[in-house]
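Chains as they are written, first to last, in my numbering: chain A, 168 to 423; chain B, 12 to 450.
Notes to accompany the following structure.
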Amino acid sequence: MKKKLRAGVFSFTACYGCQLQIIKMEELTEVLKAIDFTDFELVSDKKEEGPLDVAFVEGGISRENQIPALQKIRARSDFLVAIGACACDAGIPGIKSFMNEAEAERIVYGEDFRKNLRSISPRPIDKYVKVDYYMNGCPIERFEFHKVVKELAIGRKPKEKRHAVCLECKIKENKCLLDYGMPCMGPVTNGGCFALCPSNNAACEGCRGPVQDANLPAFVALLAEKGVDKKRAKQMLQRFGGRTALFESFVEKMRD
Amino acid sequence: MEKTIRVNRLSKIEGHANLAVTVEGKEVKDVKMEVFEAAQYYEAMVRDKPFHEIPITVGRICGFCSQAHHNTALAAIEEALGYEPTRQTKLLRELLQIGQMLTSHALHLYFLALPDYLGFDNAIQMASKYPKHVQQALELKHAATELVVAVGAREIHSINAMVGGFSSVPTKSKIGVLSNKLKQSKQAALETVKLFGSLKTPDLQSPPRYACLSSQGEYAIMGGMIESSECKIPYEAGKCITVHKDQYRKQVQEYLKPYSTSKFASFAGATYFVGALARVNNNFVQLSEDAKKAALETSTKFPSSCMFANNLAQAIELIHFHDRAIEILGELSKTMKQEPVAHLTPKAGKGIGITEAPRGILIHEYELAADGRVEAANIVTPTAQNLRHLEESVREYVPWLLHLPDEQISLELEKLVRAYDPCFSCSTHFLKLKLNRIR
């Protein structure tokens, strides 16, 4: 029997939903045959320092002291997996980075308290460290976590599969929500969720981030046909994946 | 002499924070819950966004309580738009809230709290020595997850619960499957009460004010009046405080402390506790018969002002929420159909939603502009309401522990903190204990 993987699970600015997905896995007992969580704050007091075969990092970076903590995790890990929209793309907390941030801080905490926050503009973790695998989603899909662990356990380096949500809707023979006037982000969003939202008659909200080669000008033109103005189109692109290179460079060039 | 004990990154709670305790001789000088979770800016980030996207956005405040935030925002926004949801929609939302309670309580009880009492570092290690307990935990967790997935289409951050109704609903046959599954896992809930009723906990008395939602004829979770514990005790009736949700700002005051990114809150100017213990204390008579019966068979008397009983209260609620879910599923099994999602016209207005999240009273308030975009939002979370109470309980508890070695003190205080089931991603992450001894 091969030695078990030494793994850590870490959290920065996020909702803990992705870690929760790990604990909630029905296959958890099976996963534990291949992996030892030697550093997993949510479930254990004991933390072993030292090298890790794999680190799973949840959450984006929005506080200065998180940067060195993240770099330390990278330095001790062979393979680093960003788990969830916040770590991969900055996610929902990243919305603040498109606002007047001082104003946002004032709205929630008031002027006097701002100095205590030590908030910095939220960004995905790859602004600060190299990421080996992006496990997209808000939250992550449990089967993908399971798959990644299995591949690592047999010594393979897992690789993401990239295709748009639309492909999965086609396979499932879903009706196209855009045809029904719903502002669905499927055409520009990574699949891997089996088109979960459209399959439930809900427009894709883009939580798995931009799919490579997304045709953004065509997408925004399509939205305009459905009555979505540019300001709203921008908001949609800046909801989960606004701080990814693809969406960021496109939105910068968008004229109102 | 000054001495500092540190437990680096206190674990098994949701978030990052320190607990700093300063002691001079036998006197506790100061207790501070220093929450250093990265601040959250939801109340600002929702501004200028269309109402239909808000509930699913704010569900992302917390993975543990996602459905509760989602439901509370739905209620607030529908009120602002003057829409009353159908009975089926209300029942489905209640099922989501119940699914949330079951998942959150089961995880907290078995994964975060129980290892402390059985002498294990974590639930994974516990599995080999206590396979039965771990089996119970898994059964509860699976049943609750199946319920949430069937109704909300995803384990965390449900996707079909929209302003105006559900865009997809479970089939009648699925309803039958869920009902059978819950009838089985209810046995695990009954065993959980026996287990937590048998744990030895210190008889620590905490500040006595408990508040939760109350409503005639039901164990309120989806709405009602905010009521303080005194309302249920005849000889304390004079101190009873009842607050309609629309008046919450008058009685529930949020304030800030320089050492914490989480807000604090007071109720009618005083420290209070919200959560399972408050609900079981105040609304005991409205629990399901089996929940009441199981509670009465334990040695703990409710109302209880011992915070360690919050764990037992969660276990009791596991039974109650099983019964309530089975009841709702019974009704839906006959009537379930796909109703159209109401298309609501934007208009200016203000709405306040209030529910019982797993950790207690949760309030969301939104002001909408005429075009349906959010102009202002305010969110009051249970953990913010409990922080002051937690500090005061720690203050009460420390003198009991001072004869112990520092490591033991840390462990005991951690147990107390965990009994509160705090959640700092929601209230704004925890824990590093700093004990300053001045001798």
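Built from N, CA and C at the ideal position, the CB exists for glycine as well.
Given the structure is predicted, the values throughout are model-derived calculations rather than measurements.
To which residues of the same chain is L102 (chain B) closer than 8 Å at the C-beta, ignoring the five residues directly before and after it? Counting from one through the second sequence, the residue named residue 102 (chain B) turns up at place 91. These residues qualify, in order along the chain: I339, E342, L343.
Determine the closest residue to S264 (chain A) out of A:M421, A:R422, A:K420, A:T411, with distance taken between C-alpha atoms. Residue mapping note: residue 264 (chain A) aligns to position 97 of the first sequence, counting from 1. With distances taken between Cα atoms, S264 (chain A) lies closest to A:T411.
Out of B:A200, B:T272, B:G280, state which residue places its alpha-carbon closest to the alpha-carbon of S239 (chain B). Counting from 1 along the second sequence, the entry for residue 239 (chain B) is found at position 228. Selected option, being the one with the closest Cα: B:G280.
Using a C-beta cutoff of 9 Å, does R309 (chain A) count as contacting chain B? Within the first sequence, the letter at position 142 stands for residue 309 (chain A). By this cut-off, R309 (chain A) is an interface position.
Taking just the CA atoms, how far does L123 (chain B) sit from V18 (chain B)? Here residue 18 (chain B) corresponds to residue number 7 of the second sequence, with the count starting at 1. Here residue 123 (chain B) corresponds to residue number 112 of the second sequence, with the count starting at 1. Legend: pLDDT at V18 (chain B) = 43, less than 50; position of this residue unreliable, no value from coordinates given.
Mind checking if A181 (chain A) is an interface residue toward chain B, Cβ cutoff 9 Å exclusive? By 1-based counting over the first sequence, the position of residue 181 (chain A) is 14. Closer than 9 Å to some Cβ of chain B, the Cβ of A181 (chain A) qualifies, so yes.
Contact between the region 200 to 213 of chain B and the region 303 to 311 of chain B: three or more CB pairs below 8 Å? yes
With DSSP as the reference, label N389 (chain B) as helix, strand or coil. Here residue 389 (chain B) corresponds to residue number 378 of the second sequence, with the count starting at 1. It is a strand residue.
Does any C-beta atom of chain A lie closer than 9 Å to the C-beta of R406 (chain B)? The residue given as residue 406 (chain B) occupies position 395 in the second sequence. R406 (chain B) does not count as touching chain A.
Count the other CB atoms, across all protein chains shown, that sit within 10 Å of the CB of V162 (chain B); report buried if there are 16 or more and exposed otherwise. Counting from one through the second sequence, the residue named residue 162 (chain B) turns up at place 151. So V162 (chain B) counts as buried.
Along the alpha helix (DSSP H) that carries H116 (chain B), what are the first and last residues, could you check? Stepping through the second sequence from its first residue, residue 116 (chain B) is reached at position 105. Counting along the chain, the alpha helix (DSSP H) containing H116 (chain B) begins and ends at 98 to 118.
Taking all protein chains shown into account, do 16 or more other C-beta atoms lie within 10 angstroms of the C-beta of S209 (chain B), making it buried, or fewer, making it exposed? Translated into positions along the second sequence, residue 209 (chain B) becomes position 198. S209 (chain B) is exposed by the Cβ-count criterion.
For A174 (chain A) and chain E, any beta-carbon pair shorter than 9 Å? The structure shown contains no chain E; its protein chains are A and B.
Within 9 Å (strictly less), CB to CB, does K263 (chain A) reach chain B? By one-based count along the first sequence, residue 263 (chain A) stands at place 96. It does; some Cβ of chain B falls within 9 Å.
Where DSSP assigns a beta bridge to H375 (chain B), which residues make up the other side? Reading the second sequence from its first residue, position 364 is the one you call residue 375 (chain B). Looking at the DSSP assignment, H375 (chain B) forms a beta bridge with B:G364, B:I390.
Looking only at DSSP bridge pairs, what is F177 (chain B) linked to? Here residue 177 (chain B) corresponds to residue number 166 of the second sequence, with the count starting at 1. Answer is B:A172, bridged to F177 (chain B).
Which stretch, first to last residue, makes up the beta strand (DSSP E) that contains G175 (chain A)? Taking the first residue of the first sequence as 1, we reach residue 175 (chain A) at position 8. 172 to 178 is the span of the beta strand (DSSP E), which, as asked, contains G175 (chain A).
The beta strand (DSSP E) spanning D220 (chain A) covers which residue range? One-based indexing of the first sequence puts residue 220 (chain A) at position 53. First-last of the beta strand (DSSP E) with D220 (chain A): 219 to 225.
For T439 (chain B), which of helix, strand or coil comes out of DSSP? As a first step, residue 439 (chain B) must be located in the second sequence, where it is residue number 428. Interpretation of T439 (chain B) is limited by its pLDDT of 43, a score under 50 that renders its predicted location unreliable; the figure taken from the coordinates is listed afterwards. Correct three-state label for T439 (chain B): coil.
So, are the CB atoms of L379 (chain B) and K358 (chain B) less than 9 Å apart? What you label residue 379 (chain B) is simply residue 368 of the second sequence in a count that begins at 1. What you label residue 358 (chain B) is simply residue 347 of the second sequence in a count that begins at 1. Against a cut-off of 9 Å, the Cβ pair of K358 (chain B) and L379 (chain B) comes out as a contact.
Q134 (chain A) versus chain B: which residues are under 9 Å apart at the beta carbon? One cannot answer for residue 134 (chain A) here, as it falls past the ends of chain A, which runs 168 to 423.
Could you name the residues of chain A that I170 (chain B) contacts, counting a contact when the two beta carbons are closer than 9 Å? In the second sequence, the residue the question calls residue 170 (chain B) occupies position 159. Simply L363, C364, N367, A369, E372.
Distance between beta carbons of V221 (chain A) and A254 (chain A), contact taken as under 8 Å: Locating residue 254 (chain A) in the first sequence gives position 87, counting from the first residue. Locating residue 221 (chain A) in the first sequence gives position 54, counting from the first residue. Actually they are not in contact, since the Cβ atoms of A254 (chain A) and V221 (chain A) sit about 14 Å apart, beyond 8 Å.
Taking only beta-carbon positions, decide if T114 (chain B) is within less than 9 Å of chain A. Your numbering for residue 114 (chain B) matches position 103 in the second sequence. Chain A, which has a Cβ nearer than 9 Å to the Cβ of T114 (chain B), makes this yes.
Is G251 (chain A) closer than 9 Å to N303 (chain A) when the C-beta atoms are compared? Looking up residue 303 (chain A) in the first sequence gives position 136. Looking up residue 251 (chain A) in the first sequence gives position 84. Yes, these two residues count as a Cβ contact at 9 Å.
Helix, strand or coil at S315 (chain B) [DSSP, three-state]: Against the second sequence, residue 315 (chain B) aligns to sequence position 304. Three-state DSSP puts S315 (chain B) in coil, outside helix and strand.
On the criterion of 16 or more Cβ atoms from any shown chain inside 10 Å, does G348 (chain A) qualify as buried, or is it exposed? As a position in the first sequence, residue 348 (chain A) is number 181, starting the count at 1. Classification of G348 (chain A): exposed, given that the 10 Å Cβ count is below 16.
Give the DSSP-derived three-state secondary structure of P260 (chain A) in the structure shown. By 1-based counting over the first sequence, the position of residue 260 (chain A) is 93. Three-state result, P260 (chain A): helix.
Under 7 Å from the C-beta of F280 (chain A): neighbouring residues of chain B: Here residue 280 (chain A) refers to the residue found at position 113 when the first sequence is read from its first residue. The contacting residues are L267.
Does the separation of the CB atoms of A324 (chain B) and N292 (chain B) fall below 9 Å? To locate residue 324 (chain B), count along the second sequence from 1; it is residue 313. To locate residue 292 (chain B), count along the second sequence from 1; it is residue 281. It is a contact, given that the beta carbons lie within the stated cut-off.
Got a sec? Which residues, its chain only, sit under 6 Å from G110 (chain B) by beta carbon, not counting five neighbours each side? Here the question's residue 110 (chain B) lines up with position 99 in the second sequence. Correct list, in chain order: A155, L158, V159.
Backbone secondary structure at M123 (chain A) - three-state DSSP: Not covered by the structure: residue 123 (chain A). The range shown for chain A is 168 to 423.
DSSP three-state assignment for Q264 (chain B), whether helix, strand or coil: As a working mapping, residue 264 (chain B) is identified with position 253 in the second sequence. DSSP places Q264 (chain B) in strand when its eight states are reduced to three.
Please go through the region 304 to 391 of chain A and give each complete alpha helix (DSSP H) segment of 4 or more residues, from N-terminal end onward. 309 to 320, 332 to 338, 363 to 366
Here's a check: name, in chain order, each residue in its chain whose Cβ is nearer than 8 Å to the Cβ of R406 (chain A), leaving out the five neighbours to either side. Looking up residue 406 (chain A) in the first sequence gives position 239. These residues qualify, in order along the chain: I259, I262, E372, G373.
Examine chain B for any beta-carbon lying closer than 9 Å to the beta-carbon of E415 (chain A), and answer yes or no. In the first sequence, the residue the question calls residue 415 (chain A) occupies position 248. Not one chain B Cβ lies under 9 Å of E415 (chain A).
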